[in-house]
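When you read off a place in the sequence shown, starting at 1, and then add 794, the result is the number in our numbering. The beta-carbon is built from N, C-alpha and C at its ideal position, and this holds for glycine as well.
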Amino acid sequence: MVKMNKTFALLGASKTGIALAHYLEKAGLEPAFLWNRSLKGIQLARKYIQFRKESADLSQIPADVEWIIIAVKDDVIEVVVQQLLGVLKNGDGKKVFHTSGAWDSKLLEPLQKKGYRTGSFHPLISIPDIETGIRIIPGSVFSCEGIIQDDLLDLTRLIGVTGIALNSEQKETVHLGAVFVNNYVTVMIQALKQFARAKGISDDTLKRLLERLSGQAFDNAWKKSLKDSLSGPAVRGDEKTIQKHRDLLENSPELKKLYDQFLALTLRLLVEEKKL
Ligand SMILES: NC(=O)c1ccc[n+]([C@@H]2O[C@H](COP(=O)([O-])OP(=O)(O)OC[C@H]3O[C@@H](n4cnc5c(N)ncnc54)[C@H](OP(=O)(O)O)[C@@H]3O)[C@@H](O)[C@H]2O)c1
């Protein structure tokens, strides 16, 4: 891996921030400063990475760091930006990015006006804890957006991951997709486990029965058209089966609504595909 004699500050000892910092250090960037609201987060971070300086006081940020990474929870990024404005001098082209997927570099505009070059750098993975983050970052894909898009793409090469350049609108779209394919598929599986439990089917039994089918759906859906990847009552037009499912869901109004919405979406997409 190419070594890069640069320094970085991490603002937010979050799961994402620490996992990313681990790879930046491995790639030769110096972990110069860690700021976190609570000391607990700073102590936890020490298990994974030794920063030259750590503080719960943002005004302690060294003036000479070349990269500033804001990795706090989304709703607080603007707050941290405002705090930074109070403690930082002119940016002199130094690079600042955040790791949110839902938001773009516009959140950092006040810093841009102060001479910083800004961007957003989002790993398209789910990081439930730091260890998992460190384990799954290799081989992952990061979206790179903002004025420093090219620098961020360089960073992905440096840490050995894939970078894809996106504009703001594309980034928003991809994040929405990520919420559907990860968060809501997860919720759907949990809801189905709950539904099956009430009928005396254990989580493990349901997993044994449905896991392969769910894997097939993911395999096929990314590669083929809807018509070529879908089986089941909607595509066959088995009305009685569909009504039986809807009856089964009588006491599960949210799942029933989802079932109906999926059915409507399926039929519309199939009609549209036919026209192509
Ligand atoms: N987790 C993921 O799957 C994932 C994936 C890709 C991108 N991201 C992005 O990465 C960023 C961090 O997410 P995460 O899930 O890694 O976060 P996290 O582990 O839950 O950590 C949240 C961080 O935000 C700080 N924070 C919360 N409220 C604050 C406040 N009022 N003032 C100052 N700091 C505050 C916390 O500080 P304390 O320690 O003091 O509470 C902590 O450092 C987010 O922008 C997220 O969208 C997350």
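**Report entry** F1012, DSSP secondary structure in three states
**Finding:** Translated into the one-based positions of the sequence shown, residue 1012 becomes position 218. Of the three classes helix, strand and coil, the one that applies to F1012 here is helix, per DSSP.
Query raised in the report: Under a CB-based cut-off of 8 Å, is N1045 close to chain C?
Result: Chain labels in this structure do not include chain C; a single protein chain is all it has.
Requested in this report: Tell me whether the beta-carbon of L805 lies closer than 8 Å to the beta-carbon of A815.
Outcome: Walking along the sequence shown from the start, residue 805 turns up at place 11. Walking along the sequence shown from the start, residue 815 turns up at place 21. Not in contact: L805 and A815 (Cβ atoms no closer than 8 Å).
Query raised in the report: Assuming L905 and V875 make a contact with CB atoms under 8 Å, what is their CB distance in whole Å?
Result: Looking up residue 905 in the sequence shown gives position 111. Looking up residue 875 in the sequence shown gives position 81. Sure, about 6 Å apart at Cβ, within 8 Å.
Query raised in the report: What do you reckon, is the C-beta of R831 under 7 Å from a heavy atom of ligand 1?
Result: Taking the sequence shown and counting its residues from 1, the one referred to as residue 831 is at position 37. Yes.
**Report entry** Contact the stretch 907-923 vs the stretch 883-896: 3+ CB pairs below 8 Å
**Finding:** The stretch 907-923 makes contact with the stretch 883-896, as at least three CB pairs between them are under 8 Å.
Query raised in the report: For L902, does the count of other Cβ atoms within 10 angstroms reach 16, so buried, or fall short, so exposed?
Result: As a first step, residue 902 must be located in the sequence shown, where it is residue number 108. The Cβ neighbour count for L902, taken over all protein chains shown within 10 Å, is at least 16; the residue is labelled buried.
Query - Opening and closing residue of the beta strand (DSSP E) in which S849 lies - result: Walking along the sequence shown from the start, residue 849 turns up at place 55. That run of the beta strand (DSSP E) goes 847-849.
Requested in this report: List the whole-angstrom C-beta distance separating D898 from K965, where the pair is believed to meet the contact cut-off of C-beta under 8 Å.
Outcome: Residue numbering aside, residue 898 sits at position 104 when the sequence shown is read from its first letter. Residue numbering aside, residue 965 sits at position 171 when the sequence shown is read from its first letter. Contact holds; Cβ gap of about 6 Å.
Query raised in the report: DSSP three-state call for P932: helix, strand or coil?
Result: Locating residue 932 in the sequence shown gives position 138, where the first residue counts as 1. In the structure shown, P932 falls within a coil segment according to DSSP collapsed to helix, strand and coil.
**Report entry** Cβ-heavy atom distance, S920 to ligand 1, below 7 Å
**Finding:** For the purposes of this step, residue 920 is taken as the residue at position 126 of the sequence shown. Yes, ligand 1 has a heavy atom inside 7 Å of this Cβ.
**Report entry** Alpha carbon of K1038 to alpha carbon of F936, nearest angstrom
**Finding:** Taking the first residue of the sequence shown as position 1, residue 1038 is located at position 244. Taking the first residue of the sequence shown as position 1, residue 936 is located at position 142. Taking the straight line from one Cα to the other gives about 43 Å.
Query raised in the report: How about T967: is its Cβ closer than 7 Å to a heavy atom in ligand 1?
Result: In the sequence shown, counting from the first residue as 1, residue 967 sits at position 173. For T967, the shortest C-beta to heavy atom distance toward ligand 1 is 7 Å or greater.
Query raised in the report: Can you tell me whether L932 is buried or exposed, with buried defined as 16 or more other CB within 10 angstroms of its CB?
Result: In the sequence shown, residue 932 corresponds to position 138, counting from 1. Leu is not the amino acid found at residue 932; the sequence shown has Pro there. Its Cβ having fewer than 16 others within 10 Å, P932 is exposed.
Query raised in the report: In chain order, what residues of the same chain lie with their CB nearer than 6 Å to the CB of I812, ignoring the 5 residues before and after it?
Result: Here residue 812 refers to the residue found at position 18 when the sequence shown is read from its first residue. Leaving aside the five residues that flank I812 on each side, the residues in its chain whose CB is nearer than 6 Å to its CB run, in chain order, A839, Y842, I924.
Report task. Confirm the yes/no value for this check: CB of H892, any heavy atom of ligand 1, distance under 7 Å. Result -> For the purposes of this step, residue 892 is taken as the residue at position 98 of the sequence shown. Yes, the Cβ of H892 comes within 7 Å of a heavy atom of ligand 1.
Report task. May I ask you to report which of helix, strand or coil DSSP gives L1059? Result -> By one-based count along the sequence shown, residue 1059 stands at place 265. In the three-state reduction of the DSSP assignment, L1059 falls in the helix class.
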